[in-house]
Amino acid sequence: MHDASPEAVTKLFTRSDGSYLFARWGRPIAPVAFGVEDSTVGIIKGAIEAVCRLAGHEVAETDPELGSNLMVFFLREWQELIDTPNLDRMIPELGPLVERLKAADANQYRLFRFEPDGGIKACFVFVRMDDVMSDIPAETICLGQAVQSILLWSDEAFLGSSPLALTGDNVAILKPDVANVIRAAYDPVMPVAADDASHALRLAARIGALVS
């Protein structure tokens with residue numbers, strides 16, 4: 665995406681089946697990370713806090729209902745999810761999901777849960793540290809996952825085009841146009857969820873107001 669036109673914004677939330685679906689968080693985000701050193705936990709929490717600051721959204725230590733509502737799992741093989749105690753209680757479809765991820769040789773996946781009003785209630789982030797992921801700095805992985813968890817983007821939104829860019833000294837930063845979408849999406853006048861593409865027109869208008 666290189667512009668804030670209604671067409672470009674629509675594409676970010678139009679799924680591979682042709683349906684339009686947008687959602688943002690309706691409650692403060694309380695993150696937790698598994699499978700990494702304490703130093704990396706700090707990096708992932710820092711990335712989430714940075715993206716939430718951009719959005720004007722709140723970060724919390726705990727969620728009163730769920731404890732943590734943004735759970736980030738780092739693993740070597742998808743099978744490790746099956747072996748994680750009680751995870752199948754939180755994710756009843758875990759078995760079939762792991763088989764799909766294995767078959768696709770995927771290295772990342774995000775699973776969302778939703779409020780009655782359609783807003784995001786919880787997100788499970790899975791990162792498999794394959795050869796590709798292992799070559800990427802932890803800061804870049806964490807920022808990328810934070811960006812892709814702050815909104816319900818289309819499953820095709822960032823295929824072939826990362827939401828991040830590299831500075832001259834190889835530091836990953838959020839692309840300005842993606843940052844503008846996030847800021848506009850969390851504008852209080854915008855809804856927490858939408859399934860009609862007319863929402864993209866409103867979103868594009870908000871982006872235009874922000875950058876003008």
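Those letters in the sequence shown? Residues 665 to 876, per our numbering, in order. Idealized CB from N, CA, C, for every residue including glycine.
Item                                                                                                                                                                                  : Value
Label residue 726 either buried or exposed according to how many other C-beta atoms from any shown protein chain fall within 10 Å of its C-beta, with 16 as the threshold for buried. : exposed
Leaving out five residues before and five after residue 852 in sequence, what residues of the same chain have Cβ atoms less than 7 Å from its Cβ?                                     : none
Residue 854 and residue 788 look like a contact to me (Cβ under 8 Å); what is the Cβ gap, rounded to whole Å?                                                                         : 25 Å between Cβ atoms; not a contact.
So what's residue 666 in DSSP terms, helix, strand or just coil?                                                                                                                      : Annotation note: pLDDT 48 at residue 666 (below 50); position unreliable, no value reported.
List the DSSP bridge partners of residue 678.                                                                                                                                         : 684
How big is the Cα-Cα spacing for residue 870 and residue 848?                                                                                                                         : 6 Å
Would residue 752 count as contacting chain C if we go by Cβ distances under 8 Å?                                                                                                     : Any reference to chain C falls outside this structure, which holds one protein chain only.
Which residue comes first and which comes last in the alpha helix (DSSP H) that contains residue 709?                                                                                 : 702-719
Which residue from 685, 668, 840, 835 puts its Cα closest to that of residue 863?                                                                                                     : 685
Measuring alpha carbon to alpha carbon, tell me which residue in 701, 803, 778, 793 is nearest residue 857.                                                                           : 778
If you pair each beta-carbon of the stretch 831-848 with each one of the stretch 749-764, do three or more pairs fall below 8 Å?                                                      : no
Among 816, 746, 708, 714, which residue has its Cα nearest to the Cα of residue 783?                                                                                                  : 816
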